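In my numbering, the protein residues as written are 704 to 896.
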């Protein structure tokens, strides 16, 4: 597989909302949140197109993580607010935003891998995109559901990666301009104990 670069990639963060975060049972929610925020920080630092989307903000899903408004204020304001469409790629505004990036490679992280991530990943693959799913920037209600979703996406052709893997892939070298911008973001993810 040819590695993704900041110049040929877009990052899609799907439904990292306060309510949906509480539905994760397969992973540590604080770590999932930290990983999703790190992806947003990397997108801003490297000038990678970042598309944020939510579903039913006025229902149980709740508002988008408020930290994203601080990290990526323009993208937060321009987020695609879906009205219940499960596959974000089925939402015309979201699909148009992805197409407008002109990027063949997509880094996708959804808050729940077995719902928010799996369907847009499958659709993006069918449309000819290369996809890396960032498994640890999402989770599922159960570990079994998470495992099944990740296997399904991998079988369909997505590469499964972790946040640290994709950030180091985008950096290539810590001495490069990209690497220098990513050092503090990666460093903040390193456990202190």
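Think of the CB as a built atom: it goes at the ideal place given N, C-alpha and C, for glycine as much as any other residue. These figures come from a predicted structure and were not determined experimentally.
Separation of residue j from residue i, as counted between CA atoms
i: residue 873; j: residue 707; result: 7 Å
i: residue 720; j: residue 775; result: 15 Å
i: residue 757; j: residue 842; result: 16 Å
i: residue 730; j: residue 737; result: 12 Å
i: residue 804; j: residue 748; result: 17 Å
i: residue 773; j: residue 780; result: 11 Å
i: residue 817; j: residue 878; result: 37 Å
i: residue 894; j: residue 883; result: 20 Å
i: residue 845; j: residue 819; result: 14 Å
i: residue 765; j: residue 784; result: 11 Å
i: residue 865; j: residue 839; result: 6 Å
i: residue 859; j: residue 750; result: 29 Å
i: residue 856; j: residue 777; result: 30 Å
i: residue 848; j: residue 782; result: 27 Å
i: residue 821; j: residue 863; result: 12 Å
i: residue 715; j: residue 880; result: 23 Å
i: residue 795; j: residue 896; result: 45 Å
Whole-angstrom C-beta distance between residue j and residue i, which should lie under 8 Å
i: residue 834; j: residue 851; result: Incorrect: roughly 18 Å between the Cβ atoms, too far for contact.
i: residue 755; j: residue 771; result: 6 Å
i: residue 885; j: residue 745; result: 6 Å
i: residue 837; j: residue 742; result: 6 Å
i: residue 828; j: residue 861; result: 6 Å
i: residue 717; j: residue 813; result: 4 Å
i: residue 832; j: residue 809; result: 5 Å
i: residue 826; j: residue 790; result: 6 Å
i: residue 887; j: residue 806; result: Wrong, their Cβ atoms sit about 25 Å apart, outside the cutoff.
Backbone secondary structure at residue i - three-state DSSP
i: residue 764; result: coil
i: residue 854; result: helix
i: residue 785; result: strand
i: residue 888; result: helix
i: residue 723; result: helix
i: residue 749; result: helix
i: residue 755; result: strand
i: residue 733; result: helix
i: residue 707; result: coil
i: residue 894; result: coil
i: residue 776; result: helix
Bridge partners - residue i, DSSP secondary structure assignment
i: residue 874; result: Beta-bridge pairing links residue 874 to no other residue.
i: residue 717; result: 756 and 813
i: residue 712; result: 808
Output the residue ranges of the beta strand (DSSP E) runs that lie fully inside the stretch 786-871 and measure 3 residues or longer, sorted by chain position. 808-813, 833-837 and 862-864
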